[in-house]
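See below for the structure under consideration.
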Amino acid sequence: MSKELTSRAEDYSQWYNDLVIKGGLADYSAVRGCMVIKPYGFALWENMRDQLDKMFKETGHLNAYFPLFIPKSFLSKEAAHVEGFAKECAVVTHYRLMNDPNGKGIVVDPDAKLEEELIIRPTSETIIWNTYKDWIQSYRDLPLLINQWANVVRWEMRTRLFLRTTEFLWQEGHTAHATKQEAVEETERMLNVYAEFVETYMAVPVIKGVKTASERFAGAEETYCIEALMQDGKALQAGTSHFLGQNFAKAFDVQFLTKDNKQEYVWATSWGVSTRLIGALIMAHSDDQGLILPPKIAPFQVVIIPIYKGEESKAAIDAKSNEIITSLKTLGIRVKYDNSDNSRPGWKFAQYELQGIPVRIALGLRDMENKVVEVARRDTKEKNSMPMDGLEENIVKLLDEIQQNMYNKALDFRNEKTTNADNWDDFVKLLDGKGGFIEAHWDGTAETEEKIKDQTKATIRCIPMNNKPEAGACILSGKPSTQRVLFARAY
RNA sequence: CGGGAUGUAGCGUAGCCCGGUUAUCGCGCCUGGUUUGGGACCAGGAGGUCGCAAGUUCGAAUCUUGCCAUCCCGACCA
900 MSKELTSRAE
910 DYSQWYNDLV
920 IKGGLADYSA
930 VRGCMVIKPY
940 GFALWENMRD
950 QLDKMFKETG
960 HLNAYFPLFI
970 PKSFLSKEAA
980 HVEGFAKECA
990 VVTHYRLMND
1000 PNGKGIVVDP
1010 DAKLEEELII
1020 RPTSETIIWN
1030 TYKDWIQSYR
1040 DLPLLINQWA
1050 NVVRWEMRTR
1060 LFLRTTEFLW
1070 QEGHTAHATK
1080 QEAVEETERM
1090 LNVYAEFVET
1100 YMAVPVIKGV
1110 KTASERFAGA
1120 EETYCIEALM
1130 QDGKALQAGT
1140 SHFLGQNFAK
1150 AFDVQFLTKD
1160 NKQEYVWATS
1170 WGVSTRLIGA
1180 LIMAHSDDQG
1190 LILPPKIAPF
1200 QVVIIPIYKG
1210 EESKAAIDAK
1220 SNEIITSLKT
1230 LGIRVKYDNS
1240 DNSRPGWKFA
1250 QYELQGIPVR
1260 IALGLRDMEN
1270 KVVEVARRDT
1280 KEKNSMPMDG
1290 LEENIVKLLD
1300 EIQQNMYNKA
1310 LDFRNEKTTN
1320 ADNWDDFVKL
1330 LDGKGGFIEA
1340 HWDGTAETEE
1350 KIKDQTKATI
1360 RCIPMNNKPE
1370 AGACILSGKP
1380 STQRVLFARA
1390 Y
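Numbering (the working numbering), first residue to last: 900 to 1390.
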């Protein structure tokens, strides 16, 4: 991130919106708080989705699809769940429109009122568990490992492009298990899948941990999460995996017969990541010149821009470019060739920087004579001449290097922005100044957590897994504590 | 839902306080030409319910009232 950006943290929102829109990822739509994902943004999402989907299948999951509408009564079956989602549900109350009797367009037909209202899913636990009841009778039906790719609607008070839109795309995994241990293992397994995906493919380092009771998913017994740090020093929850205990099994009466013929409730998990990940990607890596996308998920990994001087050179350069493209594609590299006459090279350079394409190759007559190409990498903005001999192998190496460099850079940033605070003054000073993650002692009570939040807007992002035990005193109450937890201001 | 701000061409804007010819400028767009190694240049051209409605006035982008929308901050949240 540039120094300019650091110094105008208050403009971060605007900077972010510009990147999303000028980088061609998305717009806000005419519909309140929803977004239009443009083809380029969707291609990015597809790459992320496909990779995640592959990882889900490798861990034994299958995809399915459940209804968009949920009868209102389903939602009330699990008490904590309804508590958590009731305030943000879009509700279908009628099924028909009619011409306004006063001639003022179209109105809702009052006679078409639904007997029972339908909720547009804010998440699918209820409708899925209502179905699982019919699918599960015996221990032989378990484990049931299912994932769904879908859209959901949450009528939040305030929206923010990619991070919190009214409608968003996500995947939600819903599994049922015979034992508690198995379900806990599944919860942790999927958290690890998320962490691996975000770190390896998105090049964003994350901290794995569990949420405090007050930050838990509505209806969960334990919520695991991955937390990432954005360039403005705020944290972003990038994914969650929930151990649901037997709450939903009991609410929807999902029992199975064990080997020794006993009726027992199943143990459940659910886990999800959303298009918010695109927001995380943008805010973690991009700079003032535009997006910077990691090679492993970038819609295009390489863009080739020919530099023409007159018509006759065009044919020669096109021919050479096509050779390069063919061999890059053979190696599985996603290449875009922009030989359009509509814009000049300089404009194209700027445009593809804005779109975050990791590697740009420029090829002109001068290069042809010297048997080289000009290779520019987006992450460092370095430009080098590279011999055409062995170009493809070097590009593969370069893409790996960029991927690794982006991760390292983000990790260095996070490490630099992670600080211990041992007293209240330091804690407040860090939040208002340096930002980032703060490791501090907490007495373990919801009251203290709430007070800290009220006074500083900082929340406990998580209690990190494999946390080292350490005796200390709570930064607010001074009461004894056995470990540090991770605080930050968050999106 | 509370606080603040803003609505003028596809985008970004000037004009508004202090009402007065044909609503300013830049980008983009169209046509023709010259260009092409970091967002080209010349010439010509198209594009406007000034957010909506009512009011004041000889006359409203400008003043008044109401409404709508968007953005930012807060509460809420993946």
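Backbone N, C-alpha and C fix where the C-beta goes; we use that ideal spot for every residue, glycine too.
Alpha carbon to alpha carbon, how far is residue j from residue i? Give it in angstroms, no decimals.
i, j, result
"N1050", "S1376", "43 Å"
"V1202", "R1277", "11 Å"
"R907", "T1279", "Only weak support exists for where R907 lies, its pLDDT of 43 falling under 50; the value from the coordinates is given anyway. Each residue's alpha carbon lies about 22 Å from the other."
"E1067", "T1225", "The identity of residue 1067 in the sequence shown is Phe, whereas the question assumes Glu. Their Cα atoms are separated by approximately 37 Å."
"L1385", "T1111", "11 Å"
"E1024", "F1147", "8 Å"
"Q1382", "A963", "41 Å"
"K1378", "A1387", "21 Å"
"L1264", "A1275", "18 Å"
"K902", "D917", "Interpretation of K902 is limited by its pLDDT of 33, a score under 50 that renders its predicted location unreliable; the figure taken from the coordinates is listed afterwards. When rounded, the distance between both Cα atoms is 18 Å."
"E1210", "I1191", "34 Å"
"K1235", "F1199", "6 Å"
"G1178", "Q1162", "45 Å"
"A1309", "G1255", "16 Å"
"A942", "R1233", "12 Å"
"A985", "Q1136", "22 Å"
"H1076", "L1062", "32 Å"
"V1103", "P1009", "51 Å"
"S1113", "E1349", "9 Å"
"L1262", "N1241", "17 Å"
"E1291", "W944", "26 Å"
"C1124", "T1344", "20 Å"
"K1219", "A1167", "57 Å"
"A1320", "I1359", "14 Å"
"L1043", "L1090", "18 Å"
"A1064", "A1389", "What sits at residue 1064 in the sequence shown is Thr, not Ala. In a straight line, the C-alpha of T1064 is about 16 Å away from that of A1389."
"D1217", "V1295", "22 Å"
What are the boundary residues of the alpha helix (DSSP H) that includes residue i?
i, result
"P1244", "1244-1253"
"T1086", "1079-1095"
"M1101", "First-last for M1101: undefined, no H or E at that position."
"E1268", "1264-1269"
"R1057", "Premise fails: R1057 is in no alpha helix (DSSP H) and is neither H nor E."
"G1178", "1175-1184"
By Cβ distance, which residues of its chain are closer than 6 Å to residue i, with the 5 residues on each side in sequence left out?
i, result
"G983", "A1117"
"L1330", "T1355, A1357"
"R1115", "T1122"
"N1046", "F955, H960, N962, Q1070, G1072"
"I1181", "L918"
Check for me: the beta strand (DSSP E) holding residue i runs from which residue to which?
i, result
"L1230", "It is not in any beta strand (DSSP E) - L1230 carries neither H nor E in the DSSP assignment."
"K1282", "1282-1286"
"F1142", "1134-1144"
"Y911", "Here Y911 belongs to no beta strand (DSSP E); instead the alpha helix (DSSP H) covers 911-921."
"A1197", "Element bounds for A1197: n/a, residue is neither H nor E."
"G1108", "1106-1109"
"V1384", "1383-1387"
"F1067", "1066-1076"
"A925", "925-927"
Return the chain-ordered list of same chain residues with a C-beta closer than 7 Å to the C-beta of residue i, the five sequence neighbours on each side being excluded.
i, result
"Y1251", "V1202, R1259"
"Y911", "D1131"
"S928", "M934, V935"
"N1293", "M1285"
"F1096", "Q950, L951, M954"
"N1029", "F973, F1151"
"K1149", "Y1164"
"V1007", "H993, L996"
"L1060", "N916, V919, A925, Y927, M934"
"S1169", "E1024, E1071, G1072, H1073, H1141, L1143"
Residues in the same chain with beta-carbon distance under 8 Å from residue i, minus the five sequence neighbours each way, listed in chain order, please.
i, result
"R1391", "For residue 1391 there is no data in the structure shown, the boundaries of the chain being 900 and 1390."
"Y1100", "M947, Q950, P1193, K1195, I1196"
"L974", "H980, V981, F984, A985, C988, I1018, T1025"
"T869", "With the chain covering only 900 through 1390, there is no way to say anything about residue 869."
"Y1394", "Lying outside 900 to 1390, the shown extent of the chain, residue 1394 is not represented and no answer is given."
"L1176", "M947, V1097, M1101, A1137, G1138"
"L1041", "I1035, A1075, H1076, A1077, F1155, V1165"
Self-check item: beta strand (DSSP E) runs contained entirely in the region 950-1034, provided each spans 3 or more residues
Solution: Runs of the beta strand (DSSP E) inside the region 950-1034: 968-970, 990-993, 996-998, 1005-1007, 1012-1019.
Quiz item: What beta strand (DSSP E) runs, 3 residues minimum, are completely inside the region 1315-1370?
Solution: Segments of the beta strand (DSSP E) lying fully in the region 1315-1370: 1317-1319, 1336-1340, 1358-1363.
Practice problem: Answer yes if the region 1361-1380 comes into contact with the region 1331-1343, meaning at least three C-beta pairs across the two stretches below 8 Å, and no otherwise. | Solution: As far as the Cβ criterion goes, the region 1331-1343 touches the region 1361-1380, which means the pair count is three or higher.
Self-check item: Given 8 Å, three or more beta-carbon pairs between the region 982-1001 and the region 931-951
Solution: They do not touch, by the three-pair rule.
Quiz item: Do the region 1232-1248 and the region 1180-1191 meet, that is, are 3 or more Cβ pairs less than 8 Å apart?
Solution: No: the two stretches stay apart, fewer than three of their Cβ pairs being nearer than 8 Å.
Quiz item: Below 8 Å, can you find three or more Cβ-Cβ pairs linking the region 1073-1086 to the region 1137-1144?
Solution: Between the region 1073-1086 and the region 1137-1144 there are three or more inter-stretch CB-CB distances shorter than 8 Å, so the stretches are counted as touching.
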